[in-house]
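Structure first, commentary second.
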Amino acid sequence: MKCYCCGKVFFERRTFKTLFKENLLFRCKSCEVRYPAYETLQVIPKSEGLIYLSSLFKEEINFDIMAYNQETSKWFLSTLNNMNKNDIILWIDELSEEMILHLDLLEFDIYLLTKSINYFS
Ligand SMILES: [Zn+2]
107 MKCYCCGKVF FERRTFKTLF KENLLFRCKS CEVRYPAYET LQVIPKSEGL IYLSSLFKEE
167 INFDIMAYNQ ETSKWFLSTL NNMNKNDIIL WIDELSEEMI LHLDLLEFDI YLLTKSINYF
227 S
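187 is the number that our numbering gives to position 81 of the sequence shown; each next residue is one higher, with no gaps.
And the structure:
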């Protein structure tokens, strides 16, 4: 497999039990330790509902976001299990204050995932 952070080819250690099981990895062990995901959550009240603003990183990152597919899929699955039927899920790379003002006009709760929320911290 090829690491989406550093670009190096790496191999997963296999045993007889895991020989025929497919385990997709997107980062090598070194990059997992060096660049961990720090999921944070901020809840912003709006006129009708709440904005659940989640981020995967403390600061801006420069490598491929595909490296964090496992963390992203966990966030989506947990959000889908916890949200109500009419709530909205959004993925926005760069969030601005103007965008928050537009989101305020929408009804229902909004679950929003961004790369980083340094703008609001
Ligand atoms: Zn790597």
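Idealized CB from N, CA, C, for every residue including glycine.
With respect to 7 angstroms, is the separation between the Cβ of residue i and the closest non-hydrogen atom of ligand 1 below this value?
i: residue 119; result: no
i: residue 114; result: yes
i: residue 184; result: no
i: residue 136; result: yes
Following a CB-centred definition, is residue i positioned closer than 7 angstroms to any heavy atom of ligand 3?
i: residue 164; result: Ligands present in the displayed structure are limited to ligand 1, and ligand 3 is not among them.
By DSSP's criteria, residue i is part of a beta bridge. Which residues make up the other side?
i: residue 151; result: 156
i: residue 123; result: According to DSSP, which records beta bridges pairwise, residue 123 is partnered with nothing at all.
i: residue 139; result: Residue 139 is not bridged to any residue.
i: residue 146; result: 161
i: residue 180; result: Answer by DSSP bridge pairing: none, since residue 180 is not bridged.
i: residue 108; result: 115
The beta strand (DSSP E) with residue i in it runs from where to where?
i: residue 221; result: 216 to 222
i: residue 130; result: Counting along the chain, residue 130 falls outside any beta strand (DSSP E), and DSSP gives it neither H nor E.
i: residue 198; result: No beta strand (DSSP E) holds residue 198; DSSP gives it neither H nor E.
How is the alpha helix (DSSP H) around residue i delimited, first residue to last?
i: residue 171; result: No alpha helix (DSSP H) holds residue 171; DSSP gives it neither H nor E.
i: residue 209; result: 203 to 209
Could you give the distance in angstroms between the alpha-carbon of residue i and the alpha-carbon of residue j?
i: residue 185; j: residue 133; result: 24 angstroms
i: residue 216; j: residue 116; result: 38 angstroms
i: residue 212; j: residue 130; result: 37 angstroms
i: residue 218; j: residue 165; result: 17 angstroms
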